[in-house]
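Asker: Protein chains in written order, with my numbering: chain F, 1 to 636; chain P, 1001 to 1636. Cβ atoms here follow ideal geometry from the backbone N, Cα and C, with glycine treated the same way. The structure under discussion is supplied below as structure tokens; questions concerning it will follow.
Number of protein chains: 2
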Amino acid sequence: MGNADYECPHRVAIPPSKPFFKSLTTSLKETFFPDDPFRQFKDQPPSRRFILGLQYFLPILEWAPRYTFEFFKADLIAGITIASLAVPQGISYAGLASLPPIIGLFPEIWQWVPLLFHHFSYLLCWEREVNPYENPKLYVQLVLTATFFSGIFQASLGFLRLGFIVDFLSHATIVGFMAGAATVVCLQQLKGILGLVHFTHGTDLISVLHSIFSQTHKWRWESGVLGCCFLFFLILTRYLSKRKPAFFWINAMAPLTSVILGSVLVYLTHAEKHGVQVIGHLKKGLNPPSLSELAFGSPYLPTAIKIGIITGIIALAEGIAVGRSFSMFKNYHIDGNKEMIAFGMMNIAGSCTSCYLTSGPFSRTAVNFNAGCKSAVSNIVMATAVMITLLFLTPLFHYTPLVVLSSIIIAAMLGLIDYEAAFHLWKLDKFDFVVCMSAYIGVVFGSVEIGLVIAVILSLLRVLLFVARPRTIVLGNIPNSTTYRSIDQYPDANNIPGVLILQIDAPIYFANASYLRERISRWIFDEEENLKSTGETSLQYVILDMSAVGSIDTSGISMLEDVKKMVDRRGLKLLLANPRSEVIKKLEKSKLIEEIGQEWIYLTVREAVAACNFMLHTCKQSTNATAVEFEAQDIV
Amino acid sequence: MGNADYECPHRVAIPPSKPFFKSLTTSLKETFFPDDPFRQFKDQPPSRRFILGLQYFLPILEWAPRYTFEFFKADLIAGITIASLAVPQGISYAGLASLPPIIGLFPEIWQWVPLLFHHFSYLLCWEREVNPYENPKLYVQLVLTATFFSGIFQASLGFLRLGFIVDFLSHATIVGFMAGAATVVCLQQLKGILGLVHFTHGTDLISVLHSIFSQTHKWRWESGVLGCCFLFFLILTRYLSKRKPAFFWINAMAPLTSVILGSVLVYLTHAEKHGVQVIGHLKKGLNPPSLSELAFGSPYLPTAIKIGIITGIIALAEGIAVGRSFSMFKNYHIDGNKEMIAFGMMNIAGSCTSCYLTSGPFSRTAVNFNAGCKSAVSNIVMATAVMITLLFLTPLFHYTPLVVLSSIIIAAMLGLIDYEAAFHLWKLDKFDFVVCMSAYIGVVFGSVEIGLVIAVILSLLRVLLFVARPRTIVLGNIPNSTTYRSIDQYPDANNIPGVLILQIDAPIYFANASYLRERISRWIFDEEENLKSTGETSLQYVILDMSAVGSIDTSGISMLEDVKKMVDRRGLKLLLANPRSEVIKKLEKSKLIEEIGQEWIYLTVREAVAACNFMLHTCKQSTNATAVEFEAQDIV
């Protein structure tokens, strides 16, 4: 040791102040364009730029030139697989959303989990406003209108580069929220399983259970037995396919098999006359364009907008999270804002053609992935298969029992209750677990909005609490080194006699300035008392390590002023270590730097401690600076 | 150099995991009891504890034994001075709050700026609900009820140790808010100055200006001239006393002088018959106990509660800020929560005895301070003086012109417009300035609530934005040292060939996990492109400096997992430097530590870089480790 930087510490330079406009531009860019979306356009000739621009908005241009026959074969198989899953589910979900089944059959690109999820959240918001059973036409209109606004909202978020709003729905929130939603939907499906005709419109656990158990005399055992059998079958196939990926096909085919089996069974036994409700007549043909059906003039417009925004944001959070996790496998980059524009466009288009809330337009879901699809072509195949079903095969669904559809929905919903994720949260981060459970309980006992609001507020509170109550940490010297670290984390770190080193662990803002003022005083007071009672060297220097203070505001500056005054009054000396760019700039502008003295601001804690030691020993009449150096080394 | 810690880097220990209950207790204590209020009770015999406990709730027991005659003399003079300020202001503010003047005259402990402020904010909320001119009895009842709830709210915040809520009203917010409030009150007082009888109940700039200029024909010039003269007098005395503290007395006496002069003038000239309105008859005597007047059964109860909470929180923020700034001069410690309980108690007591919203019960305001008061005795003196005025001198105010009271209010309000503070904010922190101006504009053009809500939301947004968009900083080696610092802040810091050092500048939470994932990828991608184009050593190591990452949640952990995967896929190696206690614990629990490899986690950036250099050079067939050491030194 004893090298140069002990004698001549490095100065903390005050960075040259950038022009206001330039620093504003930089921080705006970091905030809204972190991904630098136009990076690839740089240094390109105009013609190339044009092509890249087209590809940006129409991804097909990007992958079409590289598309091969091998890819097509994979896509074909994947498309048909998904269609076989999509058709029965489509009918089920249309039933779930209380829409005429025909509408459920043709969302342009069929999605598995997310879509389901939205239909549900849709409904919850919805049933309280318009009763779909009594006024189906108005209901359909409003669902489409909400989808339209949902699309507008999503696309505008994307265009305005506000993708980060979605990040405030944390993973924990979504896990709890999805499980809660799934639980409520399962409970609702008991209506179908038990063959009940009248049912509560409430969505919370209590009113559903009340509704079920208040009409035990109306339960239909035929329906119940059939439902349980199919449910068992579906869960079993899922379990198998989870155990062995090769069994994936079984799981994918299970819903179609159930529908066929169920229909045949009903047709043969005429069970529809014995309490098993069937779908009945389905209108053949494609959905009529529904632009004219959008209910812009309706008095329900504000409700439609509200629901559109809520479902839009949940769909985005969920869709982007799913997309992101698959992009990791595929080494594929996701541009959140671009994704949002795409989501939004899909929904606008969908609402104008009688389809509803889609998510994940790029089809990167588990099913697609497992089915081995290579590109969006699989979606085209699937759409074609669904279209053929719509055009020619609808009469086949006449005898499909509703209880099978309920079973399909329950089986899918049970898959959404991710208890393993909840357990993982508990193990890793208790607070995240609390957020997750609040979302769940809020949804199950209250409503979708209550669950969502509670979870988001809790998550935000955590962030605010982190800033409002930053930790202040006492640092000590790690033995045999010149490094200073938290005494709590490294119990063998040593205190430096006469010096108190405090690290502040967050930006200093109005929200924590008073707290830090109190806490720092208390650290100093406690340390002084301590040293007094043990009779050691009294406290002489206080070093504030500012390494983790990324930002400071005016309240923070006046807090530092107060600390400086307080330290002076106690006859101590205040040193700063490693103030960051923004902090040192503001210290200079507020003239506080002159009060503290620039010579008391050091680049590292090490240099600050060396300076303190030097002075402590000089005071003890040690005249030879070099000797002090060596003494100081013995201490550190 | 070449000292030991290069060859044998220090391990980052995983701190022993504390029992769940203990760590919960610790963090709850840090959050709610940062000041350790029961510290002084520790290690004391029970009798001493009892005395300390009494002193805690009744501060008089603390200072009474040390009270001397010298102190009393100072307090007597201070008390009389403040009373001479309090009596005219009391009448004015009661007028301002549209209360019968008698009520304004006896708040137990009279405060200058803060009280004024509350009356005002009171009013704004109020006038829209109950018209004080038409139904004064109901109005008084409701003001008292709101005061009561305000007290309950403040005291409960204190008891529940929620003092930190007040910290969310930043200094910038209060500056803007006060100035806005003062502007609006000044505008309202134009009614008195111009001698208008009818006036708008709106509080925003536009409706007030409209009301004034739509009745220019009703302006009374006698009233206007008188008002301007007194206003000039009051402002002049304030200016003088600001210039020379010795002139403080002039300023303190100015309001009383104005009242006397104005009354005498009106009495002699019979101006009350020429358009100058006077106070008229004042009921003699003390306020009757008003417990029975609290309007608990009234349909306005919810409004009263709402207003009580709003005014209560503003009063606290303001009162505590004032108290804190004076405590710095007096070397006096303020316990925010204890303060709140006191505030609350004062308001509850006040509302039951017909006084209204007080703040700063310990009287640490500028006036008290300048008048040289030593203890709460000065308040007793003042209260006595006010009481004598109430009992015997009220008839003297019969001829006091209202326009003088308006002038007193305007002069006081102009003092609240702290344009110097606003300029300071602009210079130091542009964002704080924006917050301040939003509060001002919100109050002046909208209403008190609008201003407050805008300012608080903006302030919170800043905190959230800091967490949602943390900076990632490239570190470089400071020449002639082993220190690594931001290349932006220290432009002469050098890159290490083949190594990218990134510092993450905030806790990693759900709110920023996606952002960081994108941003880190882009740093790595950009760096690779850069090195490719310049033909330098290709990128081999990525060091994440976690020094400033104080906390991490499950989303953060999965972000790190993704980064690790991404780095692996690119054939690079990920190193962590200085993970903090919480981070390393969660890395361990999530098994991510095994994926990264504990040998790739270093205590300091320096050690991580040394390891990278060592390996880079070993790959270049350099077999002698010591030689590598020296080469590495040349580079750093």
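Name the chain F residues that come within less than 7 Å of P:Ser1590, Cβ to Cβ?
Answerer: One-based indexing of the second sequence puts residue 1590 of chain P at position 590. Within 7 Å Cβ-Cβ: Leu428.
Asker: Please list the residues of the stretch 179-194 of chain F that have a C-beta atom closer than 7 Å to any C-beta atom in chain P, keeping them in chain order.
Answerer: none
Asker: Does the distance from the C-beta atom of P:Gln1189 to that of P:Ser1447 stay below 7 Å?
Answerer: Sequence index remark: in the second sequence, residue 1189 of chain P carries index 189 (1-based). Sequence index remark: in the second sequence, residue 1447 of chain P carries index 447 (1-based). No, the Cβ-Cβ distance between P:Gln1189 and P:Ser1447 is not below 7 Å.
Asker: P:Phe1343 to F:Glu518, Cα distance in whole Å?
Answerer: Sequence index remark: in the second sequence, residue 1343 of chain P carries index 343 (1-based). Sequence index remark: in the first sequence, residue 518 of chain F carries index 518 (1-based). Near 20 Å, if we compare the C-alpha coordinates of F:Glu518 and P:Phe1343.
Asker: Out of P:Ile1501, P:Gly1498, P:Gly1476, P:Ala1506, which has the shortest C-alpha to C-alpha gap to P:Asp1492?
Answerer: The residue given as residue 1492 of chain P occupies position 492 in the second sequence. Measuring from the Cα of P:Asp1492, the nearest candidate turns out to be P:Gly1476.
Asker: Could you check where the alpha helix (DSSP H) with P:Leu1458 kicks off and where it finishes?
Answerer: Start at 1 with the first residue of the second sequence, and residue 1458 of chain P comes out as number 458. Looking at the DSSP string, the run of the alpha helix (DSSP H) that includes P:Leu1458 is 1448-1468.
Asker: So within the stretch 209-246 of chain F, which uninterrupted alpha helix (DSSP H) runs reach at least 4 residues, ignoring any that extend past its ends?
Answerer: The qualifying runs are 221-243.
Asker: Which one or two residues does DSSP pair with F:Leu576 in a beta bridge?
Answerer: In the first sequence, counting from the first residue as 1, residue 576 of chain F sits at position 576. According to DSSP, which records beta bridges pairwise, F:Leu576 is partnered with F:Leu544, F:Ile601.
Asker: Name, going along the chain, the residues of the stretch 542-553 of chain F whose beta-carbon falls closer than 9 Å to a beta-carbon of chain P.
Answerer: Ser547, Ala548, Val549, Gly550, Ser551, Ile552, Asp553
Asker: So with Cβ pairs under 7 Å, would you call P:Thr1145 a contact of chain F?
Answerer: As a working mapping, residue 1145 of chain P is identified with position 145 in the second sequence. Closer than 7 Å: no.
Asker: What residue ranges within the stretch 1474-1530 of chain P form continuous beta strand (DSSP E) runs of no fewer than 3 residues, ordered along the chain?
Answerer: 1484-1486, 1499-1504
Asker: Tell me the residue span of the alpha helix (DSSP H) that contains F:Val549.
Answerer: Locating residue 549 of chain F in the first sequence gives position 549, where the first residue counts as 1. Careful: F:Val549 lies outside any alpha helix (DSSP H) and carries neither H nor E.
Asker: Here's a check: name, in chain order, each residue in its chain whose Cβ is nearer than 6 Å to the Cβ of F:Glu527, leaving out the five neighbours to either side.
Answerer: Position 527 of the first sequence, counted from the first residue, corresponds to residue 527 of chain F. Taking F:Glu527 as the centre and dropping the five residues before and after it, the same chain places the C-beta of Leu500, Leu539 closer than 6 Å to its C-beta, in chain order.
Asker: Taking only three categories from DSSP, how would you classify F:Thr472?
Answerer: Along the first sequence, read from residue 1 onward, the residue named residue 472 of chain F stands at position 472. Strand at F:Thr472.
Asker: Taking Cβ-Cβ distances shorter than 9 Å, what residues in chain F pair up with P:His1171?
Answerer: The residue given as residue 1171 of chain P occupies position 171 in the second sequence. Here the neighbours are Phe510, Ala513, Asp553, Thr554, Ser555, Ser558.
Asker: In terms of residue numbering, what span does the alpha helix (DSSP H) encompassing P:Val1184 cover?
Answerer: Here residue 1184 of chain P corresponds to residue number 184 of the second sequence, with the count starting at 1. Unbroken alpha helix (DSSP H) run through P:Val1184: 1171-1194.
Asker: When DSSP labels each residue in this structure, what does P:Pro1019 get in the three-state scheme?
Answerer: Residue mapping note: residue 1019 of chain P aligns to position 19 of the second sequence, counting from 1. Looking at P:Pro1019 - three-state DSSP - the assignment turns out to be coil, as it is neither helix nor strand.
Asker: Using the DSSP secondary-structure output, state which residues sit across from F:Pro401 in a beta bridge.
Answerer: For this step, residue 401 of chain F is matched to residue 401 along the first sequence. Bridge partners of F:Pro401: F:Val278.
Asker: Can you name the residues of chain F whose CB is closer than 8 Å to the CB of P:Ser1486?
Answerer: Against the second sequence, residue 1486 of chain P aligns to sequence position 486. Ordered by position in chain F, the residues that pass the 8 Å Cβ test against P:Ser1486 are Arg580, Ser581.
Asker: Smallest Cα separation from P:Asp1167: which of P:Leu1236, P:Met1340, P:Thr1237?
Answerer: The sequence position of residue 1167 of chain P within the second sequence is 167, counting from 1. Selected option, being the one with the closest Cα: P:Met1340.
Asker: Whole angstroms are fine: how far does the CA of P:Ile1309 sit from the CA of F:Val404?
Answerer: Position 404 of the first sequence, counted from the first residue, corresponds to residue 404 of chain F. Position 309 of the second sequence, counted from the first residue, corresponds to residue 1309 of chain P. Straight-line Cα distance between these residues: approximately 55 Å.
Asker: Count the other CB atoms, across all protein chains shown, that sit within 10 Å of the CB of F:Ala611; report buried if there are 16 or more and exposed otherwise.
Answerer: Counting from one through the first sequence, the residue named residue 611 of chain F turns up at place 611. By the neighbour-count rule (16 or more Cβ atoms within 10 Å), F:Ala611 is buried.
Asker: Would F:Arg49 count as contacting chain P if we go by Cβ distances under 7 Å?
Answerer: Here residue 49 of chain F refers to the residue found at position 49 when the first sequence is read from its first residue. Taking Cβ atoms only, chain P never reaches closer than 7 Å to F:Arg49, which makes this a no.
Asker: Residues of chain P with CB under 8 Å from F:Lys338, in chain order?
Answerer: Taking the first sequence and counting its residues from 1, one reaches residue 338 of chain F at position 338. Near F:Lys338 there are no residues of chain P at all, since even the closest Cβ is about 12 Å away, more than 8 Å.
Asker: Taking buried to mean at least 16 other C-beta atoms within 10 Å of its own C-beta, is F:Ser547 buried or exposed?
Answerer: Against the first sequence, residue 547 of chain F aligns to sequence position 547. Buried: at least 16 other Cβ atoms inside 10 Å.
Asker: To the nearest angstrom, how far is the alpha carbon of F:Gly312 from that of F:Gly151?
Answerer: Taking the first residue of the first sequence as 1, we reach residue 312 of chain F at position 312. Taking the first residue of the first sequence as 1, we reach residue 151 of chain F at position 151. The alpha-carbon atoms of F:Gly312 and F:Gly151 are separated by roughly 7 Å.
Asker: Given 8 Å as the limit, is there contact between the stretch 1464-1476 of chain P and the stretch 453-471 of chain F, that is, 3 or more CB pairs closer than that?
Answerer: yes
Asker: Rounded to whole angstroms, what's the CA-CA distance from F:Thr472 to F:Leu516? Just pull it up for me.
Answerer: Counting from 1 along the first sequence, the entry for residue 472 of chain F is found at position 472. Counting from 1 along the first sequence, the entry for residue 516 of chain F is found at position 516. Approximately 8 Å between the Cα atoms of the pair.
Asker: Strictly below 8 Å CB to CB, what residues from chain P border F:Glu30?
Answerer: Within the first sequence, residue 30 of chain F is the residue found at index 30, counting from 1. Result: Arg1469, Arg1471.
Asker: Have a look at P:Arg1161 and F:Ile496 and give me their C-alpha separation to the nearest angstrom.
Answerer: Taking the second sequence and counting its residues from 1, the one referred to as residue 1161 of chain P is at position 161. Taking the first sequence and counting its residues from 1, the one referred to as residue 496 of chain F is at position 496. Roughly 35 Å separates the two Cα atoms.
Asker: At 8 Å on the CB atoms, spell out the chain P contacts of F:Phe148, in chain order.
Answerer: Within the first sequence, residue 148 of chain F is the residue found at index 148, counting from 1. Within 8 Å Cβ-Cβ: nothing; F:Phe148 doesn't reach chain P, min ~27 Å.
Asker: Measure the C-alpha to C-alpha separation of F:Lys589 and F:Ser581 and round it to an integer number of angstroms.
Answerer: By one-based count along the first sequence, residue 589 of chain F stands at place 589. By one-based count along the first sequence, residue 581 of chain F stands at place 581. Between the C-alpha atoms of F:Lys589 and F:Ser581 there is a straight-line separation of about 12 Å.
Asker: Identify, in the order they occur along the chain, each residue of the same chain with its Cβ nearer than 8 Å to the Cβ of P:Val1434, setting aside the five sequence neighbours on each side.
Answerer: As a first step, residue 1434 of chain P must be located in the second sequence, where it is residue number 434. Same-chain partners within the cutoff: Leu1458.
Asker: What I want to know is whether the C-beta of F:Leu475 ends up closer than 6 Å to one or more non-hydrogen atoms of the ligand PLP.
Answerer: This structure does not include the ligand PLP; it has no bound ligands of any sort.
Asker: With distances taken between CB atoms, is the gap from F:Gln305 to F:Thr400 smaller than 7 Å?
Answerer: In the first sequence, counting from the first residue as 1, residue 305 of chain F sits at position 305. In the first sequence, counting from the first residue as 1, residue 400 of chain F sits at position 400. Sequence inspection shows Ile at residue 305 of chain F; the Gln mentioned does not correspond to that position. Not in contact: F:Ile305 and F:Thr400 (Cβ atoms no closer than 7 Å).
Asker: Which chain P residues are close to F:Val278, counting only those with a beta carbon under 7 Å from its beta carbon?
Answerer: As a working note, residue 278 of chain F is residue 278 in the first sequence. Here the premise fails: no neighbours, minimum Cβ distance about 45 Å.
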